[in-house]
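*Asks:* Got a structure here, written out as structure tokens. Questions coming.
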Amino acid sequence: MHKDVVIIGAGASGLSCAIEAGRRNRSAVIIDHAPKTGSKIRISGGGRCNFTNRYVSADNYISQNRHFCKSALSRCTPDDIIGLLAKHRISYHEKESGRLFCDASSSAIINMLGKECRNAGVEVRLNCPVSTLRKDRDFIITTKDGQYRSRALVIATGGLSWPKTGASDLGFRVAEQFSISMIPHRPGLVPLVFSGKEREFCRRLSGISCNAEVSCASASFRGSILFTHRGMSGPAILQTSSYWNAGDMLSIDLLPDIDAYELLLLHRKSRKEIQNLLSLFLPSRFIQAWCREYLQIKPLCQFTDKELQEAGHKLRSWQVRPSDTEGYEVAEVTVGGIDTNELSSRTMEAKKVPGLFFTGEVLDVTGHLGGYNLHWAWASGRAAGQHV
Ligand SMILES: Cc1cc2nc3c(=O)[nH]c(=O)nc-3n(C[C@H](O)[C@H](O)[C@H](O)COP(=O)(O)OP(=O)(O)OC[C@H]3O[C@@H](n4cnc5c(N)ncnc54)[C@H](O)[C@@H]3O)c2cc1C
């Protein structure tokens, strides 16, 4: 079976690429080993698919090459995606920080992509594992349903997170086969796990959340922290997890909107115990436990200046060291992947293997939480689709 382009992976980036290629009258087939298209789209955004973000920019992505994503993003804007939804009469709403979600469910997006594929004449082959692929003049892809030959091959197989959705390491194996270098990968947007006393502390508070600013390496995120049986989750932790490497400390500012030391100084003559003052700003059960663990429990008027200073410092910079992440089973994304220096940022084509393209999460381009990962999938898929 001869095609202009074979795309492996019927997720967000593979479908986006196929639609663009089909519109250009390229004969395209998408091959996927899963029984349905867009399994990750279906579960995204809690089933409502946070399909893009109004304020997408290169600053929302982690990559060894910070500039790589700019070209594709400039040719696929949030307004382009909003326009596509409007064409299909899919209603959506905006949440804080520009996050856009479907009003109904993620299936609206999957159906929209299906229709666009049909209109563009794209063939979709599901339940179709790939057994081998190789290159002579063309790419030769052997699958359960037979052999395909094509001038262009797009690897849109995503990352390793959520194996139940069909995730596999095929993309990384193809990179190895063609001697394309990789940036070491790890789970991102993932809850963090603690050990010893810190784990026990989190377990006792599991289910409680508080607002804070969490910092790790050069990154800081404001938002909610949720205590779990094994550690911490919640948006601020998930965002930070993408920057976390084994051994790194997290620094947590428990009162990001006020100067903790100033607050304590203001109440230095009070007979109130410190945790009672702080419970005006933080969940009571949490701050009671935190003060017992990290401060002395006594009336504020009994603190010396030095002790108040130390307490202020601990509130501003609570140091904790995760022991691990919850892993790919529950991670939203894979950080790392195909080294972007190996690809053209305009076309996603491998510099040393003409005709071989990589799109989406398989690349070393990882978005923050907030619709940025799907946006990268749409944008990188379209960039490749414009050139295959
Ligand atoms: C729980 C969860 C919620 C998320 N929510 C959001 C959100 O709301 N907003 C957002 O922006 N991002 C979200 N993400 C991230 C986002 O879904 C992904 O970054 C995005 O789907 C990646 O698109 P992709 O096309 O690169 O890969 P995928 O969507 O993962 O698609 C890869 C496809 O390749 C197929 N495949 C894999 N291996 C093989 C193989 N060996 N042979 C054949 N086919 C193969 C898979 O079956 C799959 O269909 C979420 C992720 C998860 C796990």
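If you use this note's numbering, the sequence shown corresponds to residues 121 to 508, in order. All C-beta atoms in this analysis are idealised placements derived from N, C-alpha and C, irrespective of residue type, glycine included.
1. Does the Cβ of Leu-205 lie closer than 7 Å to at least one heavy atom of ligand 1?
2. Just checking my contact of Arg-271 with Asp-444 at CB under 8 Å: how many whole Å lie between their CB atoms?
3. What residue range does the alpha helix (DSSP H) around Glu-236 cover?
4. Quick check: what's the CA-CA separation for Ser-281 versus Arg-391?
5. With distances taken Cα to Cα, identify the nearest neighbour of Gln-184 among Leu-489, Phe-314, Ile-230, Gly-456.
6. Taking the alpha carbon of Gly-291 as the point to measure from, which residue in Lys-284, Ile-300, Thr-285 has its own alpha carbon closest?
7. For Glu-214 versus Phe-321, is the C-beta distance shorter than 8 Å?
8. Using DSSP with H/G/I as helix, E/B as strand and the rest coil, what is Ile-210?
9. Using alpha carbons as the reference points, say which of Leu-385, Leu-374, Met-369 lies closest to Ser-344.
10. Find the nearest neighbour of Trp-498 within the set Phe-171, Ser-133, Gly-129, judged by alpha-carbon distance.
11. For the alpha helix (DSSP H) that contains Pro-376, what are its first and last residues?
12. In this structure, how does DSSP classify Leu-463 when only helix, strand and coil are distinguished?
13. Take Gly-266 and list the residues in its own chain whose beta-carbon comes closer than 8 Å to its own, dropping the five residues that flank it on each side.
14. Just the Cα atoms here: how many angstroms apart are Asp-152 and Ser-288?
15. Taking 7 Å as the cut-off, does the CB of Lys-160 come closer than this to any heavy atom belonging to ligand 1?
16. For Cys-137 versus Thr-479, is the C-beta spacing smaller than 8 Å?
17. Shorter than 7 Å, the distance from the beta carbon of Trp-364 to the closest heavy atom of ligand 1, or not?
18. Roughly how many angstroms lie between the CA atoms of Ser-338 and Phe-188, to the nearest whole one?
19. Out of curiosity, what's the CA-to-CA distance linking Thr-467 and Gly-432?
20. Suppose the cutoff is 6 Å on Cβ atoms and the five residues either side in sequence are ignored; what does the same chain contact list for Pro-198 look like?
21. The beta strand (DSSP E) that contains Glu-510, what's its start and end?
22. Hey, Leu-325 and Gly-351: beta-carbon distance below 8 Å or not?
*Replies:* On the basis of the coordinates in this document:
1. no
2. Wrong, their Cβ atoms sit about 44 Å apart, outside the cutoff.
3. 227-239
4. 52 Å
5. Gly-456
6. Ile-300
7. no
8. coil
9. Leu-374
10. Ser-133
11. Premise fails: Pro-376 is in no alpha helix (DSSP H) and is neither H nor E.
12. strand
13. Met-121
14. 11 Å
15. yes
16. yes
17. no
18. 20 Å
19. 51 Å
20. Thr-172, Arg-174, Val-176
21. Limits of the chain in this structure are 121 at one end and 508 at the other, which puts residue 510 out of reach.
22. no
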